[in-house]
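Numbering (the numbering used here), first residue to last: 10 to 350.
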């Protein structure tokens with residue numbers, strides 16, 4: 010009987026120890042769950058993907074559309090083109106205008122050709138000789154007037170011819186001086202301005218020609234193909250709607266009582282209802298303005314209804330995150346968030 014009593018006592022002790030272990034494990038799990046529920050802040054939100062409405066900067070007729078809805082495009086890919094012939098013609102005309110203006114400027118900078126200067130010299134010598142001859146004839150007629158061999162009318166005509174030829178000689182001398190000095194600085198400056206204006210017009214034509222190609226600003230997916238080849242479009246008329254792969258945001262809201270537990274830069278975990286995969290993110294923005302706010306807040310109960318918008322940046326986003334998808338956001342709010350002054 011003593012051996013049976015000893016075995017019964019040992020069994021009771023073991024049973025008591027197992028019961029204590031179970032109680033201890035349950036208490037630990039309860040304490041851990043309570044700790045987690047106290048430090049983890051759970052929010053709910055929606056995926057917010059950036060979209061771009063792509064349009065030509067120039068009007069025209071669409072020549073080609075390279076992608077369809079759902080296609081993935083890379084940054085710099087050519088999405089569509091306009092009929093470029095009118096813009097190519099405008100660029101050719103602008104090129105010709107630049108060459109004309111440049112040639113006029115070069116002409117002014119170089120001055121007259123040697124042959125033209127030689128012509129001016131010969132004209133000056135001819136005018137000078139004519140003036141000297143007219144001066145001698147006037148003096149002769151004036152001396153003959155005293156002897157009666159010439160009339161006053163003849164003397165007056167000789168004087169007029171002398172004055173005219175003298176003026177012509179002065180004009181020829183001025184023309185020769187101008188030919189030797191070249192064109193005025195003001196004329197060259199005006200020609201330089203005409204060249205600059207022609208070059209600016211040419212640059213505008215080149216930009217317009219380049220704008221006949223529509224390229225993707227970033228990697229993304231085509232959401233909508235709005236126009237088709239052959240359509241006439243005005244400038245800024247959307248032809249594609251593009252969903253950007255990066256960045257991907259989550260728009261969530263936090264209640265005013267929990268606002269002090271979070272701060273920009275804190276890391277979060279984001280999950281969707283369609284997958285068990287967890288995404289990494291961080292709080293990038295907390296709105297300084299409350300939303301769904303009553304016009305006047307007078308009681309503590311009403312103040313707890315205030316919410317503030319968060320923007321969470323997803324750091325490892327993939328194509329499984331789609332616009333408007335509901336998500337769950339878990340924030341470890343146990344550590345005191347940093348405060349900025």
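The beta-carbon is built from N, C-alpha and C at its ideal position, and this holds for glycine as well.
Across the set 232, 145, 133, 220, the C-alpha of 133 shows the shortest separation from the C-alpha of residue 186. Taking the Cα of residue 189 as reference, the smallest distance to any Cα among 119, 217, 166 is reached at 119. Selection 235, 298, 184, 68 evaluated against residue 130 yields 184 as nearest (Cα-Cα). Secondary structure of residue 78 (DSSP, three-state): coil.
When DSSP states are grouped into helix, strand and coil, residue 65 belongs to the coil group.
Residue pairing for residue 231: DSSP places it in a beta bridge opposite 251. Approximately 4 angstroms separates the beta-carbon atoms of residue 218 and residue 96; this is inside 8 angstroms, confirming the contact. Between residue 68 and residue 242, the C-beta gap is smaller than 8 angstroms, which places the two residues in contact. About 11 angstroms separates the beta carbons of residue 292 and residue 317, which is beyond the 8 angstroms limit, so they are not a contact pair. According to the DSSP assignment, residue 281 belongs to no alpha helix (DSSP H) but to the beta strand (DSSP E) extending over 276-281. Put simply, of 49, 50, 60 the residue whose alpha carbon is nearest the alpha carbon of residue 233 is 60. Residue 238 and residue 73 do touch by the CB rule: their CB atoms are close to 6 angstroms apart, below 8 angstroms.
The stretch 278-291 makes contact with the stretch 323-340, as at least three CB pairs between them are under 8 angstroms. The stretch 264-284 and the stretch 95-112 do not touch, with fewer than three beta-carbon pairs separated by less than 8 angstroms.
Relative to the Cα of residue 142, the nearest Cα in the group 228, 172, 162 belongs to 172. Straight-line measurement puts the Cα of residue 71 at about 42 angstroms from the Cα of residue 279. Contiguous beta strand (DSSP E) elements confined to the stretch 140-224 occur at 222-224, taking only those with 3 or more residues. Around residue 205, the same chain offers no residue with a beta carbon nearer than 8 angstroms, after the five sequence neighbours per side are excluded. Judged by DSSP secondary structure, residue 122 falls outside any beta strand (DSSP E); it is assigned neither H nor E. Between residue 260 and residue 54, the C-beta spacing is below 8 angstroms. Its Cα nearest to that of residue 255, the residue 229 stands out among 240, 229, 262, 236.
Counted as a single uninterrupted DSSP element, the stretch harbouring residue 327 is not any beta strand (DSSP E), since DSSP gives it neither H nor E. A distance of 8 angstroms or more separates the beta carbons of residue 103 and residue 202. DSSP places residue 88 inside the beta strand (DSSP E), whose first and last residues are 87-91.
In this structure, DSSP gives residue 60 an extended state, which the three-state scheme calls strand. Beta bridge pairing from DSSP links residue 341 with 49. Of the candidates 250, 207, 90, 138, the residue whose Cα lies closest to the Cα of residue 112 is 207. Each residue's CA atom was taken as its position, placing residue 56 and residue 247 some 24 angstroms apart. Straight through space, the alpha carbons of residue 223 and residue 75 are spaced by roughly 10 angstroms. Under the three-state reduction of DSSP, residue 319 is assigned to strand.
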